[in-house]
Amino acid sequence: MQHNAKLASDLRDKHHAVGLWSTHNGHPPPLRVAVKIISTAEAPVEFSQKFLPREISSLNATYRHPNVVQLYKTYQNSQRSSLVLELAARGDLLEHINWVSERRCSPGLDEEEARRLFRQLVSAVAHHRSSGIVHRDLKCENTLLDDRGLLKLTGEPLAQPLPSSLDYPDS
Numbered sequence: 000m001q002h003n004a005k006l007a008s009d010l011r012d013k014h015h016a017v018g019l020w021s022t023h024n025g026h027p028p029p030l031r032v033a034v035k036i037i038s039t040a041e042a043p044v045e046f047s048q049k050f051l052p053r054e055i056s057s058l059n060a061t062y063r064h065p066n067v068v069q070l071y072k073t074y075q076n077s078q079r080s081s082l083v084l085e086l087a088a089r090g091d092l093l094e095h096i097n098w099v100s101e102r103r104c105s106p107g108l109d110e111e112e113a114r115r116l117f118r119q120l121v122s123a124v125a126h127h128r129s130s131g132i133v134h135r136d137l138k139c140e141n142t143l144l145d146d147r148g149l150l151k152l153t154g155e156p157l158a159q160p161l162p163s164s165l166d167y168p169d170s
């Protein structure tokens with residue numbers, strides 16, 4: 000996959016950027032992406048040195064699962080880090096639940112949709128676990144929906160590698 004040269008330039012030189020990600024010959028059609036820009040110059044040192052690398056590592060470890068937000072590329076300089084991510088155009092799960100509730104004049108999702116989304120969430124969490132990652136921040140705001148309504152798990156800064164063994168206290 001080749002990146003849009005203007006997007007790459009903007010990410011290196013500006014505080015924000017919007018662009019398309021495309022293939023060599025333009026086939027398939029370009030992807031719309033989300034760009035998460037972190038001002039590393041202004042961020043707390045702990046975030047820049049601990050949580051941001053953990054987020055990138057976790058996204059790389061859980062790559063290529065249909066229910067995990069994909070990290071396409073990272074750009075870093077002394078002032079900022081930019082993560083080019085899969086776009087989840089429908090927003091987060093809480094927004095979706097509220098929108099559906101208003102339209103139905105009844106709180107929550109119908110059982111069939113709730114079951115479908117829960118299966119996708121379980122699949123994403125199982126994929127994290129099989130990749131050696133514990134998510135640690137499951138909530139509606141870290142559960143996004145793409146333009147087809149597929150669930151996409153995100154919110155990786157708190158994710159950690161699974162411990163090699165679990166020690167339980169004697170009871």
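Residues in the sequence shown are numbered consecutively from 0, following numbering that gives the first Met the number 0.
Here a beta-carbon is modelled for each residue, glycine too, at the ideal position from N, C-alpha and C.
Please classify residue i as buried or exposed, where buried requires at least 16 other C-beta atoms within 10 Å of its C-beta.
i	result
Tyr62	exposed
Gln119	buried
Arg114	exposed
Asn66	buried
Asn59	exposed
Gly154	buried
Glu85	buried
May I ask you to list the residues that DSSP assigns as paired with residue i?
i	result
Ile96	According to DSSP, which records beta bridges pairwise, Ile96 is partnered with nothing at all.
Tyr74	Ser81
Leu144	Leu150
Ile37	Ser80
Asp91	Leu143
Measuring only the C-alpha atoms, how far is residue i from residue j?
i	j	result
Thr39	Cys104	44 Å
His127	Glu54	13 Å
Lys35	Ser122	25 Å
His64	Glu101	31 Å
Asp146	Leu93	16 Å
Leu137	Val124	9 Å
Ala33	Leu150	16 Å
Going by C-alpha to C-alpha distance, which of the options sits closest to residue i?
i	options	result
Glu112	Leu144, Leu51, Val133 and Ala42	Leu144
Ser80	Asp91, Arg89, His95 and Phe46	Phe46
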